[in-house]
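Enquirer:
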Amino acid sequence: MRKVILFLFVAVTLVSAEIYSLMNFQPSSGAQTELFRSLAFEVVQIHEDGSVDFVANSLERRTILENGLSVTIKIADMQAYYQARNGTGRSMGGFYTWDEVSVWIDSLVAANPTITSVQSIGNTYQDRPQRVVKISVNNSFNDDDPAMANAWYDGLIHAREGAAMRNVRYWMMWLCSNYERNGYNGYQATWLLENREIWCLPVNNVDGWVYNESTSPGGGGMHRKNMNWTAGGDGIDLNRNWSVDWGGAGSSGDPGSQTYRGTGPLSEPESSNIDTFWQSHVPAQMHSTHTYSNALIYPWGWTSSPTTHAAAYSTQGEMMVQWATGEEHYTSYYFGPSAGNTRDHAYGVHGAMSWNHETGASFAGFWPSATEVVKLSRRNLRSYLVTACLAGCQYDPHEPGVP
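Written out as structure tokens, the structure reads:
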């Protein structure tokens, strides 16, 4: 019966706009697990019973049928689900358009001229700027102080993960509003800005975010990748486009897949711009925020073998979980491999202690309610504080990791 329902659903979506579905897969054998992993679906949640939730577009639903996988449809149309739940009365459902974020960045810098600066580190595929804000008492954008460690924060590498941008935005606001203030928050923020150079890219995948605005101006848009559609698909997954084990398992060579890796490592300007920036402003800590599954994921993603600094990652992960209250856990190898991801590149090439932070539980999803996104931003502030503090005091001499 499941296959009949899925077949009918695939047939309908072949002649309509793209629909993304939340599905659950319960493996019945080790062979089934390996088959599922080999198909490089986007896994968003792992359950205690061993089943996994994943997102599937029309091509991936056909792949499920062709491979005889037994799945359960949990949400047939995720975009419609989020729009019905959150309402469409506010701009991007309260998650801010690209223009609104850009205006806000300018306002933040204008209001805090002694501790902030902003600059584009390069343009996206569709020629929009990737705007990075530096927050530090040494606020000259191109003049790093070698005595001050760099900490990097980004959000929205995947265009449907609006809560990630909101988390980074909250972090930026907190740092600026508490600088030179009384009280414990003031002490923390002031100490950090006097001892760290903090770099924030709240909107990494600008083109994809703008595309979601065009298709779903009230929020809930489900486009994930960038807007380079030249390969015949619907863009490149910017979190499979990095150099460490590019082309390996957990990424797809099919342009229609949500984990399509592109034509080569760093083929996309969004990725290469950041890599070039890191060469000049080497991050000691890299904190890339995603949604969802309440997990902190560290290298390696391409293999289950531990890194040279596995003990340091375990210690820091425990600190971040304890501070960022909730059901979060930390792990390196999340269900299966994910080759060409940001964290492996930041660690393996640039030597950064690096994290992909999957914020929010399954009930919140990609587009949490207005109340829930504020809770997430406040909670995750604490894990941002940990990465900023530890940027200047690594647990061991931090040589770039070697796979």
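Here the sequence shown is numbered in my numbering, starting from 903 and rising by one per residue. All residues carry an ideal CB built from backbone N, CA and C; glycine is no exception.
1. Just mark Glu1170 as buried or exposed, buried being the case when its beta carbon has 16 or more other beta carbons within 10 Å.
2. Could you please give the first and the last residue of the uninterrupted alpha helix (DSSP H) stretch that includes Ser1182?
3. Between Ala1049, Trp1000, Asp1047, Thr1016, which has its C-alpha nearest Arg1030's C-alpha?
4. Any idea what DSSP makes of Glu1229, helix, strand or coil?
5. Run the CB neighbour count on Pro1167, radius 10 Å, all protein chains shown included, and call it buried at 16 or more, exposed below.
6. Using 8 Å as the threshold, is the C-beta distance between Asn1052 and Pro1185 below it?
7. Based on the DSSP output, what are the partners of Lys1036 in its beta bridges?
8. Label Trp1131 either buried or exposed according to how many other C-beta atoms from any shown protein chain fall within 10 Å of its C-beta, with 16 as the threshold for buried.
9. According to DSSP, is Gln1187 part of a helix, a strand, or is it coil?
10. Look at the alpha carbon of Val957 and the alpha carbon of Thr1273, and state the distance between them as a whole number of angstroms.
11. May I ask you to report which of helix, strand or coil DSSP gives Asp951?
12. With a Cβ-Cβ cutoff of 8 Å, do Val1240 and Gly1203 count as a contact?
13. Considering just the uninterrupted stretch of the alpha helix (DSSP H) at Ser1079, what are its terminal residues?
14. I need the boundaries of the beta strand (DSSP E) containing Ile977, first residue and last residue.
15. Gly1121 to Glu1002, Cα distance in whole Å?
16. With a CB to CB cut of under 7 Å and the five nearest residues on each side skipped, what residues in its chain are close to Ser1145?
17. Provide the residue(s) that pair with Leu924 in DSSP beta bridges, ordered along the chain.
18. Looking at C-alpha atoms only, which residue of Thr1117, Phe1043, Ser1207, Asn1196 is the closest neighbour of Ser1182?
19. Does DSSP classify Gly995 as helix, strand or coil?
20. State the Cα-Cα distance for the pair Thr1289 and Ser1079, rounded to the nearest angstrom.
21. Give a yes or no on contact between the stretch 1269 to 1286 and the stretch 981 to 988, applying the rule of three or more CB pairs nearer than 8 Å.
22. Which residues in the same chain as Trp1101 place their Cβ atom closer than 6 Å to its Cβ, once the five residues preceding and following it in sequence are excluded?
23. Near Asp1147, what residues of its chain come up, given a Cβ to Cβ distance below 6 Å and the 5 sequence neighbours on each side ignored?
24. On the three-state DSSP scale, how would you describe Leu1058?
25. Can you tell me the Cα-Cα spacing of Tyr983 and Asn1040, whole angstroms?
26. Using CA coordinates, which residue listed in Thr1261, Thr1165, Gly1267, Phe1265 is at the minimum distance from Arg1284?
Expert: Looking at the coordinates:
1. buried
2. 1171 to 1182
3. Trp1000
4. Model confidence at Glu1229 stands at a pLDDT of 48, short of 50, so the residue's coordinates are unreliable; what they give is reported in the following sentence. Three-state DSSP puts Glu1229 in coil, outside helix and strand.
5. buried
6. yes
7. Ser1019, Trp1101
8. With fewer than 16 other Cβ atoms within 10 Å, it is exposed.
9. DSSP places Gln1187 in strand when its eight states are reduced to three.
10. 24 Å
11. coil
12. With the sequence shown as reference, residue 1240 is identified as Ser, and Val is not the correct amino acid for it. Taking 8 Å as the cut-off, the beta carbon of Ser1240 is found closer than this to the beta carbon of Gly1203.
13. 1064 to 1080
14. 973 to 977
15. 14 Å
16. Pro1167, Leu1168, His1247, Val1251
17. Val957, Ile977
18. Phe1043
19. helix
20. 19 Å
21. yes
22. So the qualifying residues of the chain are Val1034, Lys1036, Trp1054.
23. Trp1204, Ala1241
24. coil
25. Our two residues, Tyr983 and Asn1040, have alpha carbons roughly 45 Å apart in a direct line.
26. Thr1261
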